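K.L.:
I'd like to ask some things about the structure below.
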Amino acid sequence: MTMDTTVGSPQEAVADIPDGASLAVGGFGLCGNPMALITALLDTGSSGLTVVSNNCGVDDWGLGLLLGAGRLSKMISSYVGENKEFERQFLSGELEVELTPQGTLAEKLRAGGSGIAAFYTQTGVGTQVAEGGLPRRYGSDGSVAVASPVKETRNFTVDGEEKTFVLEEAISTDFALVHALRGDRHGNLVFNKSARNFSPLAAMAGKVCIAQVEELVEPGEIDPDAVHLPGVFVHRVVEVGSDIEKRIERRTVRESEGA
């Protein structure tokens, strides 16, 4: 029995992702986006995808590539403000969107990867997040075709005070796509600084986790204390090198004093 999880190319790694699959994708903004895997998935032609990720990239990068090609049917995310095509598809009824508070989204993914069915949180209590009615899909006439449901709430006593909490269900997906700085053949991963963000949580939530790594090393070369995500969560690893293109959404430069 081998524990070698490596595959030869991004194309091979995503070849079995079918139409209608659900994906958890790591990244925050454009930081930590698994671009080689996203591009390879774009080339497969798979469509009708449901994607869970903090955001949907920008019009010409990140998950925006799949969105622009019309491959996404539903997006579960926290922030959607950098993508004009996203706005167009949502308002025209082409795309279903489930907006989720950022911390809640992170915990939904972690819970899904940990075998926890649901959890209670105060986030969203007293808002449409708990009370329902948030538009998820619009009709062609601009009406709300699908709205968020009412969620269960329950009171708990915390520090001697009774507080209301809302029940949030965990998220698990068919596949997960993540980018890591380093990985070994057993699937143990190390992420680089803020590129760590949602990536370990997305990886945990996927029934099949596919990781692209900038550097592939042999088992034992990563100090166990340095592992951010253990290989038990990772099923395929593909090396993409360190010279891959990395973008940011906006470059802001402050004027020099005296300019």
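Numbering of the sequence shown is given in full-length UniProt numbering, commencing with residue 1 and proceeding in unit increments. Glycine residues also receive a C-beta, built at the ideal position from the N, C-alpha and C atoms. Model, not experiment: these values are computed from the prediction.
Gly206: buried (16+ other C-beta within 10 angstroms of its C-beta) or exposed?
P.N.:
For the purposes of this step, residue 206 is taken as residue 206 along the sequence shown, with counting starting at 1. Under this definition Gly206 is a buried residue.
K.L.:
What residue range is occupied by the uninterrupted beta strand (DSSP E) comprising Leu72?
P.N.:
To locate residue 72, count along the sequence shown from 1; it is residue 72. It spans Leu72 to Ser77 - the beta strand (DSSP E) in which Leu72 sits, taken as one unbroken run.
K.L.:
My parser needs the alpha helix (DSSP H) runs of 4 or more residues fully inside the segment 136-215; what are they?
P.N.:
The qualifying runs are 199-205.
K.L.:
For the beta strand (DSSP E) containing Arg236, name the first residue and the last one.
P.N.:
Along the sequence shown, read from residue 1 onward, the residue named residue 236 stands at position 236. Arg236 to Glu239 is the extent of the beta strand (DSSP E) around Arg236.
K.L.:
Where does the unbroken beta strand (DSSP E) through Leu49 begin, and where does it stop?
P.N.:
Walking along the sequence shown from the start, residue 49 turns up at place 49. Leu49 to Val52 is the span of the beta strand (DSSP E), which, as asked, contains Leu49.
K.L.:
Does Met1 pass the burial test, meaning 16 or more other C-beta atoms within 10 Å, or should it be called exposed?
P.N.:
Here residue 1 is taken as the residue at index 1 of the sequence shown, counted from 1. No answer about Met1 holds up, because its pLDDT of 40 lies below 50 and its placement is not dependable.
K.L.:
Per DSSP, Leu229 is paired with what?
P.N.:
Along the sequence shown, read from residue 1 onward, the residue named residue 229 stands at position 229. BP columns for Leu229 point to Leu189.
K.L.:
Comparing alpha-carbon positions, which option in Val158, Leu201 and Arg154 lies nearest Ala170?
P.N.:
Here residue 170 is taken as the residue at index 170 of the sequence shown, counted from 1. The candidate whose alpha carbon is nearest that of Ala170 is Leu201.
K.L.:
From this set, Gly241, Leu49, Gly187 and Gly115, which residue's C-alpha is nearest His235's C-alpha?
P.N.:
Along the sequence shown, read from residue 1 onward, the residue named residue 235 stands at position 235. It is Gly187.
K.L.:
In chain order, what residues of the same chain lie with their CB nearer than 6 Å to the CB of Lys74, ignoring the 5 residues before and after it?
P.N.:
Counting from 1 along the sequence shown, the entry for residue 74 is found at position 74. Around Lys74: Thr50 and Glu96.
K.L.:
Looking at Ala203 and Leu229, is the spacing between their C-beta atoms short of 8 Å?
P.N.:
Here residue 229 refers to the residue found at position 229 when the sequence shown is read from its first residue. Here residue 203 refers to the residue found at position 203 when the sequence shown is read from its first residue. Yes, Cβ-Cβ distance for Leu229 and Ala203 is below 8 Å.
K.L.:
In three-state DSSP terms, what is Ala13?
P.N.:
Translated into positions along the sequence shown, residue 13 becomes position 13. Ala13 falls in the helix class under three-state DSSP.
K.L.:
Terminal residues of the continuous alpha helix (DSSP H) containing Leu42?
P.N.:
Residue 42 sits at position 42 when you count from the first residue of the sequence shown. Met35 to Thr44 is the span of the alpha helix (DSSP H), which, as asked, contains Leu42.
K.L.:
Straight-line CA distance for Thr39 to Glu249?
P.N.:
Stepping through the sequence shown from its first residue, residue 39 is reached at position 39. Stepping through the sequence shown from its first residue, residue 249 is reached at position 249. Cα-Cα distance, rounded: 18 Å.
K.L.:
Report buried or exposed for Arg182, applying the criterion of at least 16 other Cβ atoms within 10 angstroms of its Cβ.
P.N.:
In the sequence shown, counting from the first residue as 1, residue 182 sits at position 182. Arg182 should be labelled buried.
K.L.:
Would you kindly work out how many angstroms separate the C-alpha atoms of Gly8 and Val238, rounded to a whole number?
P.N.:
Numbered from 1 along the sequence shown, position 8 holds the residue referred to as residue 8. Numbered from 1 along the sequence shown, position 238 holds the residue referred to as residue 238. Taking the straight line joining both Cα atoms gives about 6 Å.
K.L.:
Taking the alpha-carbon positions, what's the Val146 to Arg136 distance?
P.N.:
For the purposes of this step, residue 146 is taken as the residue at position 146 of the sequence shown. For the purposes of this step, residue 136 is taken as the residue at position 136 of the sequence shown. The alpha-carbon atoms of Val146 and Arg136 are separated by roughly 5 Å.
K.L.:
Starting from Phe90 and walking both ways along the beta strand (DSSP E), at which residues does that stretch end?
P.N.:
The residue you call residue 90 lines up with position 90 of the sequence shown. Note, Phe90: premise wrong, no beta strand (DSSP E); alpha helix (DSSP H) at Lys84 to Leu91.
K.L.:
Is it right to say Ser77 is buried, meaning 16 or more other beta carbons lie within 10 angstroms of its own, or is it exposed?
P.N.:
Counting from one through the sequence shown, the residue named residue 77 turns up at place 77. When all chains shown are included, Ser77 counts as buried.
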